[in-house]
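Engineer: Shown below is the structure under consideration.
If you want it as structure tokens, here you go:
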């Protein structure tokens, strides 16, 4: 089996020994074509120390047939198409001798999972984990509506998950419904680390969330495929599997968002149902009251009233109708009203009971939906915390590995120009000669450098083109320029530090040179009125500073104002 | 004089290339950034607040210490830092399932992880939306923007006034040099279109000035920055790349030419001396305070952000950072790997960048950037004219019932969130009642002043409720001069309710009271409460004087209950400063 473009879907390569140059190893996926060429197997680098460490061993060698990424994904996609839309019942599709799928849905059970099981049959010729993942990803895209990116990521976790729990029937039995276990013989449950054990011995379990529906986030139980054992295993891979785990967190966040929408809808429905139940109960109360009224109206009059003495029929009849006759007129409609009221009560009772039951079901559903969301949020929070902790560990390792002992460092001034002492500053390990860092600026006039504690101050630059020669300050720790003067300086000027200020020779527009005083930011604070020799040394004296005048001789200047104090004969 | 970038590069005879910065320290944050990091420079060292997708609020000091990780329940995408250095966040659920009105809840969290206050904004922020921007007044009040609505809340989160904008806001509001708020919004022009409006609001919600399209040109503002170290002035960046210089006192508007190729301004900084604008194409333009162009540079910084410091102009974009002198010399350019957004620059020159790898990293970038150019805070002027008016016109003002009625009316309006423009006068009235200014003779010496416990006590309570730190001095004066322990306690309780002492005026009086007086237990209790409230609500460690006050109260001659309360308070504030 093979694939010509490795740069596509494989987000997590198998560990050491399996990453080969793209142009060297062409792997083929032979659909129905058994490769006749002898196969060379790369030396496997199975882990030997940790039971749960997963290093897939793939076939690495010449291939007879090269299949495209689309074709390989198509295997999974075709299986999904064949098995049809999930309808909450078991289903089967495919050829068990090559590629097949079982959708195993059992009766609802609180903590047990349903599963899709992808079967790699005895005649299947898949020999690279990347292609297993393509098949799984293709299946997930078509069966459950995942995007390609999400399907690829989940496929990585599914394969690692199945490898971690390969043959662990006890584990599967603890997590999956009995119906699923019937499809998982011990010898083929999960995925072997070695490609030679895939054909005919592989049943890849894809755990499904309760109520999984295509197109909705969370069809695959992402919590299951990212259990601690799986993520611990992924830490052993290059990069610690951090990128993949972060991407899975993004998928879980989509599940949370969707779950919240579902929960909100369920809560709304629960509220509506509760309101309906209240209304139904009120109607029942009303009907019951009406029944009581009807019964009261239908009750016979009190016994204390004596029956009337019957009169001669001829005289009495027209004027005093008998009470019996009157009683007969009064009691005839009452039982009907009572019966009607009783019927109304009965109907209201049924309605109230039904509404109450519905409200309870809706409330329970809302509560469950909220609980599912809270559980997923908690899971995401744990994932994020674990990722941060692992990143901390990685950072600590990087720091330890890269820690540089600079205690032997010295600053050197490297001449970079054969014709002039332009220099840059280099911080070098005096013991090993290794350069820790160098200054970017490389036009320092090396004879002018002054150590000013935390910085070096010097004359730098070239008076060429738009360039200029100025005072600069270079931070010793970083060798980054921190300040720059704004007045032109003579290229041969010295820099003298007295106290916290600096003295150097300024080149003025009149072509002459004057002694300049500069503060720590290299801003000019004073300038002599008398021109000086641009190459003069500057010496401190009791009154201030002394420099050689342009006309000869020496002059003493006030240290602050640079006003000439006196001439010194020589 | 304008200079481009190229001459700057050749100045020293070498080319400045971008260097990749190695991280100084890194903090895994469990998720991508929900918002950009924000700086709290209220203490030294400065600290960075950061809101992550893992629903946690982080506080990281410049010295690489993780000061706080505060879990939030369903935070929305909003994070700001108030004038006391507290993080302001918006959440759907309060810790412990508490309620404070209708969600979402605006919360202030101190460096020590204490929730200083929480208020419901359900009547202001629509469902699923968030607060889009905030500006801060000089007494800690906040102007919040959501859609086409503004709400001003006090430093304690209580609603002060609301304004409906003429149209949707164009960008975040900002504060000018006088503590007024500048807001950019649209307004229906009656021709089916929208006209941009810049409006200047007083701290009390009164419109001070409006700049319509006749002054701004018919282009929407995209960025606002408005403060000055001397005098109120403002600047607005527009969608066509122009920048407006506003003199808010005179109402004049000056339009400066576009920074680059007419791309929207994305960030703007103005410190009264230098005006700096960055457009969406990464072109940086710099003017002086008079609007004279100084220099510009092409930075290439996408999604850029500006930081204007006393010695530097720093531009950061996603994955890049450049630092210039204020004269325009490019000193350094660096690249940052894995950046998720434009990084933040701290006063010590560190860059904090949130990464797409869920790691917040700090890089050494600028060793000597100089301090931030922050506006000088000027207290809002008090309006005591109402006191004179009441004395002149209200013949019953010296009666207790009348004063009680006044306080009640003020409290009602405040509780309804409608105190608005009358806040300054109302506060003046309350302070006048406390001071006994309405006693028609004798002032505080008037014996009737002493008898009016009810209105003075109520006035203290309402001042505390209103939460303006500007009332602290008046309350403190009452604490110091009032002989009645109940009145002193009422004033101290009000100071505690305000919870802020930005001017640091409480330390000495509190220490003197605790150490040199033998306080009534009620007063001592209230004093402890005030010190504790100020320490916990502000998140800053108590001053040495306040600490001494607590220590003084924790021993004889105070009774056991006061002593135990003081000791408990010492332990509580000692563990909460989060520095």
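Chains as they are written, first to last, in the working numbering: chain S, 1 to 570; chain G, 571 to 1149. Here a beta-carbon is modelled for each residue, glycine too, at the ideal position from N, C-alpha and C.
1) Compare the C-beta of residue 385 of chain S with all C-beta atoms of chain G and state if any pair is closer than 8 Å.
2) Excluding sequence positions up to five away, which residues of its chain have a Cβ less than 8 Å from the Cβ of residue 777 of chain G?
3) Using the C-alpha atoms, what's the distance from residue 731 of chain G back to residue 981 of chain G?
4) Ordered along the chain, which non-local residues of its own chain (more than five positions away) have a Cβ less than 8 Å from that of residue 109 of chain S?
5) Quick one, which residues of the segment 892-924 of chain G are near chain S if we go by CB-CB under 8 Å, in chain order?
6) Buried or exposed for residue 1141 of chain G, please, with buried defined as at least 16 other CB atoms from any protein chain shown within 10 angstroms of its CB.
7) Could you name the residues of the segment 463-485 of chain S whose beta carbon sits closer than 8 Å to any beta carbon of chain G, in the order they occur along the chain?
8) Can you confirm whether the segment 741-749 of chain G touches the segment 702-721 of chain G when touching is taken to mean that 3 or more C-beta pairs between the two stretches lie within less than 8 Å?
9) Please check if any C-beta of chain S sits within less than 8 Å of the C-beta of residue 596 of chain G.
10) Taking all protein chains shown into account, decide if residue 821 of chain G is buried (16 or more other Cβ within 10 angstroms of its Cβ) or exposed.
11) Can you tell me which of the three DSSP states residue 1095 of chain G falls into?
12) Identify every residue that forms a DSSP beta bridge with residue 865 of chain G.
13) Whole angstroms is fine: what's the gap from residue 446 of chain S's alpha carbon to residue 506 of chain S's?
14) How many Å lie between residue 603 of chain G and residue 744 of chain G at the Cα?
15) Using DSSP's beta-bridge definition, name the partner residues of residue 893 of chain G.
16) Mind the definition here: the segment 476-489 of chain S touches the segment 447-462 of chain S only if three or more C-beta pairs lie below 8 Å; say whether that holds.
17) Is DSSP giving residue 1141 of chain G helix, strand or coil here?
18) Per DSSP, which one or two residues make a beta bridge with residue 687 of chain G?
19) I need the straight-line Cα distance from residue 85 of chain S to residue 794 of chain G, nearest angstrom please.
20) Is the beta carbon of residue 879 of chain G closer than 8 Å to that of residue 892 of chain G?
21) Tell me, which residues are paired with residue 875 of chain G by DSSP?
22) What are the residues in the segment 193-222 of chain S lying within 8 Å of chain G by C-beta distance?
23) Of all Cβ atoms in chain S, is any one closer than 8 Å to the Cβ of residue 619 of chain G?
24) Which residues in chain G sit within 7 Å of residue 246 of chain S, going by Cβ to Cβ distance?
25) Kindly list, in the order they appear in chain S, the residues whose Cβ is closer than 7 Å to that of residue 934 of chain G.
26) Between residue 937 of chain G and chain C, is any beta-carbon pair separated by less than 8 Å?
27) Given a cut-off of 8 Å, decide if residue 413 of chain S and residue 574 of chain S are closer than it, judged by their beta-carbon atoms.
28) Straight-line CA distance for residue 56 of chain S to residue 127 of chain S?
29) Is there a C-beta anywhere in chain S that falls below 8 Å from the one on residue 601 of chain G?
30) Between the segment 72-86 of chain S and the segment 132-141 of chain S, do at least 3 Cβ pairs fall closer than 8 Å?
31) Alpha carbon to alpha carbon, what distance is there between residue 1041 of chain G and residue 950 of chain G?
32) Can you pull out the residues from the segment 658-671 of chain G whose beta carbon lies closer than 9 Å to at least one beta carbon of chain S?
33) If I'm right that residue 270 of chain S touches residue 362 of chain S with Cβ under 8 Å, what's the distance once you round it to whole angstroms?
34) Determine the DSSP secondary structure at residue 126 of chain S, reduced to helix, strand or coil.
35) Can you tell me whether residue 150 of chain S is helix, strand or coil according to DSSP?
36) If we require 3 or more residues per run, which beta strand (DSSP E) segments fall completely within the segment 517-541 of chain S?
Structural biologist: The relevant details are as follows:
1) yes
2) 769, 770, 771
3) 14 Å
4) 177
5) 895, 897, 899, 901, 902
6) exposed
7) 464, 465, 466, 467, 468, 470, 472, 475, 477, 478, 480, 481, 482, 483, 484
8) yes
9) yes
10) exposed
11) helix
12) G:856
13) 18 Å
14) 23 Å
15) G:884, G:902
16) yes
17) helix
18) G:678
19) 55 Å
20) no
21) G:886
22) none
23) no
24) 928
25) 478
26) Annotation note: the requested chain C is absent from the structure, which comprises protein chains S and G.
27) Because chain S in this structure spans residues 1 to 570, residue 574 of chain S falls outside the shown range and cannot be described.
28) 10 Å
29) yes
30) yes
31) 11 Å
32) none
33) 4 Å
34) coil
35) helix
36) 524-531, 539-541
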